[in-house]
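Remember, the working numbering sits 324 above the position in the sequence shown when you count from 1.
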Amino acid sequence: MELYKVCTSRKGGREIDRSQYADAVEENHRRYKDNPQLYRKRQEINEHIFGTIKRKWGYNCTDLIGLEKVNGEHSLIMLVYNIKRSINILGVPDLIAKIQAWNTPYKRKVLFLIKTAYLKLFLAQIVFETNLKKSKFSMS
């Protein structure tokens, strides 16, 4: 109680709240101080993905309501990011070859149809975006 009087000089006193997560925040801060290079590496690897999706693609919020719907949208965005990244690294022909050579524990026929449908949709999106960029340049 003596410290309370030292912390505040107001006549009515002051109320000090401590978050229920304060211990976790302090523990995280201690881990950061103990190993700042690890946190810097995490920022380089993980934060880049979210920055690209939010700022370059414009997905900084969702209009959907409900955890299941938001998780579904988030999963689709991450899927597109991973496919685009794979295309940038491997190129379309190598990616298609790797998908075709992929051994899976699932039923082949169903999985093949799913993979083919997603790949066609994704490639159509890339072609559309490329044509859109070309048409913008030709207009200017």
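All residues carry an ideal CB built from backbone N, CA and C; glycine is no exception.
Distance between beta carbons of residue j and residue i, contact taken as under 8 Å
i, j, result
"Ile423", "Lys439", "6 Å"
"Ile411", "Leu403", "About 13 Å separates the two Cβ atoms, so there is no contact after all."
"Phe528", "Ile407", "Shown here, the chain extends from 325 to 464; a query on residue 528 therefore has no answer."
"Asn370", "Lys378", "No, Asn370 and Lys378 are not in contact; Cβ-Cβ is about 13 Å, not under 8 Å."
"Leu400", "Val394", "At roughly 11 Å, the Cβ-Cβ gap does not stay under 8 Å, so Leu400 and Val394 are not in contact."
Contacts around residue i, its chain only, beta-carbon distance under 8 Å, and the 5 residues preceding and following it disregarded
i, result
"Thr376", "Tyr405"
"Glu351", "none"
"Val349", "Ser343"
Nonlocal neighbours in the same chain, by C-beta distance under 7 Å from residue i, ignoring five residues either side
i, result
"Ile373", "Tyr405"
"Tyr356", "Tyr363"
Own chain partners of residue i with C-beta closer than 6 Å, once the 5 adjacent residues on each side are dropped
i, result
"Thr386", "Val394 and Glu397"
Any C-beta of chain B under 8 Å from that of residue i
i, result
"Ser343", "The question asks about chain B, but that chain is absent: this structure has only one protein chain."
Quiz item: Could you give the uninterrupted runs of the alpha helix (DSSP H) lying entirely in the stretch 383-446, keeping only those of 4 residues or more?
Solution: 391-414 and 416-425
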